[in-house]
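Numbers 1185 to 1494, taken from the numbering used here, label the letters of the sequence shown in order.
Just so it is clear, CB atoms sit at the ideal spot from N, CA and C, and this is done for glycine as well.
In this text, all values refer to a predicted model and were calculated from it rather than measured experimentally.
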Amino acid sequence: MPIEVIGELNNDAPIWRYLSLDKFIDLLHSQSLYFAPLSSFAKSDPFEGRLPPQVEQRLLNEALSEPNACIREIKKELDERLKQATAEEREHPDIKETLKTINAQNESLISSAKATFNAFLNFRAKATSVNCWHINHYESEAMWNLYSDSGKGIAIKSSIQKLIDSVAHSKEDITLSKVHYYSDSEFNNIELGNYKQPFKRKSFEHEKEIRLMVFNASRDWFENFLKKNNSISPNTAAELDSKIEKFQEAHKIKVDLGTLIEELYISPYVGEPFNTAVKSLINTYRGSVPSLQNLPNPVESKLLNPPSIY
1185 MPIEVIGELN NDAPIWRYLS LDKFIDLLHS QSLYFAPLSS FAKSDPFEGR LPPQVEQRLL
1245 NEALSEPNAC IREIKKELDE RLKQATAEER EHPDIKETLK TINAQNESLI SSAKATFNAF
1305 LNFRAKATSV NCWHINHYES EAMWNLYSDS GKGIAIKSSI QKLIDSVAHS KEDITLSKVH
1365 YYSDSEFNNI ELGNYKQPFK RKSFEHEKEI RLMVFNASRD WFENFLKKNN SISPNTAAEL
1425 DSKIEKFQEA HKIKVDLGTL IEELYISPYV GEPFNTAVKS LINTYRGSVP SLQNLPNPVE
1485 SKLLNPPSIY
């Protein structure tokens, strides 16, 4: 199934994935990319999976405009009638009850729209699993420290095109997009062309992330849930949360490692016997798994090597 690509991408751009040794072994053994549920990142970034607050507010205002417009038309018609009524008629209990009913309907519609909107944002965050890569022409000291398990790690170097080609055979509905990093002053006028588009705060811009995404439940599933229940109430919101829980799952998607892996780097923070053990591991898989026989020889990172003396 073709991958859906969001936005403009330079398919030749180099990308990296930094892994601890156990995750690298799992990749070789399963020949599958691991897609972590977004909910698993909540501790490091509680905003993970959400839209910029300004965008959320604007979308909420748009969601509220429809019920408000309906109520305004009703109230406008009633006001026209009241202008033609006598003072005694305007004080009639039936008129007061009608106004009270209209206001109550307005509050109910607004409350339902807000609850539905928040439920969708929660659904969007919880029903998504991701496989993350780092865009960079060079090794990243920060990424080694963050993802290589106290320095004992491996880095895979690839390209956006190789990543796309390596999972092109998958039957899963996969989306690829750069993460867009925003500050509090940005995105007031953003056009959200695709609700799958990922955003993170500027504080995480060092990640330079591009991610593959799998949506464990479609937007149609959410909209059908709304149609079935007419609106979101406290009870239906709780039911929706319970249903969403089952979509918070990790995925493993088969990948062509021969296509994906361009180069392998051993962490600069380790030495022997780790380096020899990794090289032996690669040789073992090359000799025993036909699809891995073209794995490249791992290179010992020179990131921390002292400069040459001329």
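query                                                                                                                                                                         : result
Look at the alpha carbon of asparagine 1195 and the alpha carbon of threonine 1312, and state the distance between them as a whole number of angstroms.                       : 24 Å
Measuring CB to CB, does isoleucine 1340 end up less than 8 Å from lysine 1362?                                                                                               : no
Taking leucine 1305 as the reference, which of Ala1434, Ala1220 and Phe1383 has the closest Cα?                                                                               : Phe1383
Using only CA atoms, which one of Pro1452, Pro1457 and Phe1225 lies nearest to valine 1483?                                                                                   : Pro1452
Straight-line CA distance for asparagine 1302 to glycine 1455?                                                                                                                : 50 Å
Less than 8 Å between the CB atoms is what I'm expecting for arginine 1201 and tryptophan 1317, so what's the real figure, rounded?                                           : 5 Å
With 16 as the cutoff for other CB atoms within 10 Å, does serine 1224 come out buried or exposed?                                                                            : exposed
Could you tell me which residues DSSP pairs with phenylalanine 1219 in its beta bridges?                                                                                      : His1435
On the three-state DSSP scale, how would you describe tyrosine 1366?                                                                                                          : strand
Please identify the residue among Ala1299, Asn1315, Gly1191 and Leu1205 whose C-alpha is closest to the C-alpha of glycine 1337.                                              : Leu1205
Would you identify the three-state DSSP class for glutamate 1446, choosing helix, strand or coil?                                                                             : coil
By a C-beta neighbour count over all protein chains shown, 10 Å radius and 16 as the cutoff for buried, is lysine 1346 buried or exposed?                                     : buried
Return the CA-CA distance between alanine 1309 and leucine 1444, expressed in angstroms with no decimal places.                                                               : 28 Å
Let's see if you can read the secondary structure: which residues bound the alpha helix (DSSP H) around glycine 1471?                                                         : 1458–1472
Return the chain-ordered list of same chain residues with a C-beta closer than 6 Å to the C-beta of glutamine 1432, the five sequence neighbours on each side being excluded. : Pro1221, Ser1223 and Lys1310
Quick one: residues in its chain with C-beta nearer than 7 Å to the C-beta of histidine 1390, no 5 flanking neighbours on either side, listed in chain order?                 : Ala1326
Around the Cβ of asparagine 1315, are there at least 16 other Cβ atoms within 10 angstroms (buried) or fewer (exposed)?                                                       : buried
What residue range does the beta strand (DSSP E) around methionine 1397 cover?                                                                                                : 1393–1399
State the CB to CB distance for the pair lysine 1430 and serine 1354, rounded to an integer number of angstroms; the pair is presumed to be in contact (CB under 8 Å).        : Contact flag wrong, Cβ pair sits at about 22 Å.
Among residues of its own chain, excluding the 5 on either side of histidine 1321, which ones have a beta-carbon nearer than 6 Å to its beta-carbon?                          : Pro1198
Tell me the DSSP secondary structure of proline 1480 in three-state form.                                                                                                     : coil
Which of helix, strand or coil does DSSP assign to histidine 1390?                                                                                                            : helix
Express the C-alpha separation of alanine 1226 and valine 1523 in angstroms, rounding to a whole number.                                                                      : As displayed, the chain neither begins before 1185 nor continues past 1494, which places residue 1523 out of reach and without an answer.
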